[in-house]
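In this note's numbering, the protein residues as written are 74 to 404.
Even glycine gets a Cβ: it sits at the ideal position worked out from N, Cα and C.
Nothing here was measured: the structure is a model prediction, and the numbers come from that model.
These notes concern the structure reproduced below.
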Ligand code: GDP
């Protein structure tokens, strides 16, 4: 079935996707990512139809600086999960794709074993103009993966503030990967990343690195002690592991499951998902209003003119905001 056929036959696409058809899943994500307004309307209808089939996956966000071992970790963790009989989807929120249209994350070649497995589905980051746009599309892609029967969705991002918050806001568990060694520890704390993390995992704890990994872990533990945890039912643990040898991967996953159990027992889990849903509604609305301001050339010109007035001090920000808000009112 061609993409356009699917776009006009949403029930057929939904049925194929529910049956676990990978081509249907890929096409559905393409539909979600499309900027054409008819595709966007179809995508909304599709996700709404599939809504009862969503929400069942374990959603894990994974962040870390370039070179920390994100792709090696996702490859190892993904294969471990597949060994347990799970189906694993890997998505990415790449803040650089929003700026440059390129993608440094989610490239299949970075996860050699997973990309060869039938039980895995890897999709690179969408490139949709703004970070908000990229994140919104990734979240919809995650819902589609859930409807297609994926048990675990791993959402990868690089360590840049806003994209981390976006991924944290769409996942149940946010995992921060760190390197063994000096300097890195405090860096993570400064960025506020540690406040978001449900666990810190120090990678590359193998060979000569083991003592340095343990030392880094001890520093993170000390740092976490002085921060108030986000939930009274979960104190973010610090673990060490090696994505290369696989040592500690099972323990790492066990923590994800322990967290889920603790959150479910205390109803924090449902609360986090509820809050996320509402947050997403507002962020999508914001995106939509902003894109309306960008879409019409006449409105765009008026917005630029108003913005210039604020910059020059000729107009107060309050009056300017009011002027722009009026542009959004139906003619
Ligand atoms: P990413 O940029 O965060 O995706 O990092 P990569 O997964 O591409 O890994 C960066 C480099 O670190 C590669 O050369 C990996 O082989 C290496 N690496 C990743 N995990 C480990 C590990 O557990 N131990 C060691 N010694 N090297 C690792």
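Check whether the Cβ of residue i lies closer than 6 angstroms to any heavy atom of the ligand GDP, and answer yes or no.
i: residue 103; result: no
i: residue 253; result: no
i: residue 230; result: no
i: residue 144; result: yes
i: residue 316; result: yes
i: residue 279; result: yes
i: residue 141; result: yes
i: residue 276; result: yes
How many Å lie between residue i and residue j at the Cα?
i: residue 293; j: residue 215; result: 31 angstroms
i: residue 190; j: residue 199; result: 22 angstroms
i: residue 309; j: residue 112; result: 41 angstroms
i: residue 164; j: residue 345; result: 20 angstroms
i: residue 283; j: residue 390; result: 55 angstroms
i: residue 318; j: residue 182; result: 19 angstroms
i: residue 320; j: residue 314; result: 6 angstroms
i: residue 174; j: residue 202; result: Low confidence applies here, because residue 174 scores a pLDDT of 49, under 50, leaving its location unreliable; read the following figure in that light. Taking the straight line joining both Cα atoms gives about 8 angstroms.
i: residue 84; j: residue 384; result: 50 angstroms
i: residue 301; j: residue 286; result: 24 angstroms
i: residue 138; j: residue 251; result: 8 angstroms
i: residue 57; j: residue 238; result: Residue 57 is absent from the model: the chain starts at 74 and stops at 404.
i: residue 338; j: residue 400; result: 48 angstroms
What three-state label does DSSP hand residue i in the structure shown?
i: residue 188; result: helix
i: residue 283; result: helix
i: residue 318; result: coil
i: residue 152; result: helix
i: residue 193; result: strand
i: residue 119; result: helix
i: residue 108; result: coil
i: residue 305; result: coil
i: residue 165; result: strand
i: residue 74; result: No answer about residue 74 holds up, because its pLDDT of 46 lies below 50 and its placement is not dependable.
i: residue 174; result: Caution applies to residue 174, whose pLDDT of 49 falls short of 50 and renders its modelled position unreliable; the model cannot decide the point.
i: residue 324; result: helix
i: residue 230; result: strand
i: residue 98; result: helix
i: residue 223; result: coil
i: residue 216; result: helix
i: residue 402; result: coil
Can you check which of these residues, the options, is closest to residue i by C-alpha distance?
i: residue 212; options: 364, 386, 363 and 350; result: 350
i: residue 192; options: 393, 95, 392 and 249; result: 95
i: residue 253; options: 141, 188 and 300; result: 141
i: residue 356; options: 134, 150, 132 and 210; result: 210
i: residue 363; options: 402, 243 and 285; result: 402
i: residue 185; options: 145, 202, 217 and 158; result: 145
i: residue 291; options: 348, 312, 305 and 147; result: 312
i: residue 167; options: 234, 119, 279 and 154; result: 234
i: residue 221; options: 373, 100, 347 and 360; result: 100
i: residue 159; options: 335, 194, 90 and 126; result: 194
i: residue 269; options: 277, 246 and 279; result: 246
i: residue 231; options: 395, 169 and 333; result: 169
i: residue 126; options: 224, 197 and 377; result: 224
i: residue 303; options: 280, 334 and 267; result: 267
i: residue 89; options: 281, 143 and 119; result: 119
Just checking my contact of residue i with residue j at CB under 8 angstroms: how many whole Å lie between their CB atoms?
i: residue 398; j: residue 379; result: About 11 angstroms separates the two Cβ atoms, so there is no contact after all.
i: residue 227; j: residue 161; result: 7 angstroms
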